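Peer 1: Numbers 32 to 266, taken from the working numbering, label the letters of the sequence shown in order.
Quick reminder that beta carbons are idealized off the backbone N, C-alpha and C, glycines included.
For clarity, every value in this text was computed on a predicted model and none was experimentally measured.
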Amino acid sequence: MLCFTTALTGGGRAQAKLRHGNGDALLWIRRHFHIGPVTGAAPDNRMISALVASYGYFAVFIGTLLEGETILIAAGYAAHRGLLDWPLVVVVAMAGGTLGDQLAFMLGRWRGEALFARFPALAQRKEKVFRLLARYDVLFILSLRFIYGLRIAGPAILGSSRMSMGRFALFNVIGAALWAVIIAGVGWFFGAALEAILTDIKKIEEVLLLAILVAGVGIWLWHRRRATANIDRVD
């Protein structure tokens, strides 16, 4: 099993990036993407990060196929560090997102009534989807995957309508491209912001430590004074 750094860049290039990059940011990356030996508690998204680290673009494809904003953000961050290729992340995510929604559309087309009978919550969203479609038409189809609760349900419900498969496929591809660029971009710019924050903290860490120490002493003295005052009041 090859990690995603080796799959993209080859061992030498990846190791060079890990050696010469920002130390604090790379420690964060190693923790969250499980690259190399790391100590400390794992994050809540440990399983997702491990999938990205172990399977690279394949993990991005499967994650976006199944509804993977989190894994796409993680991949965008890895791309910011040069461990994945950002354009390729976008292309893979676009492919996964397009296929996932197209499959949901086809499922709704072929098994819509059975789905609505099996999942009442899905049936309850039909009216909302049809109302939004009638009002916004193409704009709604393009923004479907950004609307909470309709990422998978929306295409399935549209599949049960009279919309042609070709029309949905066209706007599905465009919407997936927009979604992949935006969500992967969030991961990319999050990485830049994190590095800036870590760099600033590194510069002022001694001042921060002193401030925390002074604040701690001040709080201790305040509590001590209050305790003494309470004792005197009792006496």
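1. Quick one: is K157 near chain B, going by C-beta distance under 7 Å?
2. Grab me the residues of R44's own chain with a C-beta within less than 8 Å of its C-beta, minus the 5 sequence neighbours each way, in chain order.
3. Hey, V91 and V122: beta-carbon distance below 7 Å or not?
4. Should S191 be labelled buried (16 or more other beta-carbon atoms within 10 Å of its own) or exposed?
5. Quick check on W251: buried or exposed, where buried means 16 or more other Cβ atoms within 10 Å of its Cβ?
6. Pair every Cβ in the region 161-169 with every Cβ in the region 129-138, then say whether three or more of these pairs are closer than 8 Å.
7. Quick check on DSSP: helix, strand or coil for K159?
8. Nearest by alpha-carbon distance to K159: which of G180, G139, F150 and G128 is it?
9. Pick from L103, L97, A208 and L175: whose alpha carbon is nearest that of F221?
10. Using the Cβ count rule (16 or more neighbours within 10 Å means buried), how would you classify P151?
11. Measure the C-alpha to C-alpha separation of V212 and F136 and round it to an integer number of angstroms.
12. Just to confirm my understanding: we take A154, look at its own chain, exclude 5 residues before and 5 after, and list those with CB closer than 7 Å. What are they?
13. Our contact map puts I183 next to R156 with C-beta atoms below 8 Å; I'd like the distance itself, whole angstroms only.
14. Would you identify the three-state DSSP class for M194, choosing helix, strand or coil?
Peer 2: So, to answer that:
1. Absent from the structure is chain B; it holds one protein chain and no more.
2. As a first step, residue 44 must be located in the sequence shown, where it is residue number 13. For R44, the pLDDT reaches just 42, beneath the cut-off of 50, and the residue's location in the model is therefore unreliable, although a value from the coordinates is still provided. Counting only Cβ-Cβ distances below 8 Å, and skipping sequence neighbours, we find nothing.
3. Mapped onto the sequence shown, residue 91 falls at position 60. Mapped onto the sequence shown, residue 122 falls at position 91. Contact: no.
4. For the purposes of this step, residue 191 is taken as the residue at position 160 of the sequence shown. S191 comes out buried.
5. Position 220 of the sequence shown, counted from the first residue, corresponds to residue 251. Flag for W251 reads exposed.
6. no
7. Position 128 of the sequence shown, counted from the start, is the residue given in the question as residue 159. Looking at K159 - three-state DSSP - the assignment turns out to be helix.
8. As a working note, residue 159 is residue 128 in the sequence shown. The option with the nearest alpha carbon to K159 is G180.
9. Your numbering for residue 221 matches position 190 in the sequence shown. Nearest option by C-alpha distance: L103.
10. Residue mapping note: residue 151 aligns to position 120 of the sequence shown, counting from 1. When all chains shown are included, P151 counts as exposed.
11. On the sequence shown, position 181 is the one that residue 212 refers to. On the sequence shown, position 105 is the one that residue 136 refers to. When rounded, the distance between both Cα atoms is 22 Å.
12. Taking the sequence shown and counting its residues from 1, the one referred to as residue 154 is at position 123. Answer for A154: F147, listed in chain order.
13. Translated into the one-based positions of the sequence shown, residue 183 becomes position 152. Translated into the one-based positions of the sequence shown, residue 156 becomes position 125. That pair is no contact at about 11 Å.
14. Position 163 of the sequence shown holds residue 194. Coil, per DSSP.
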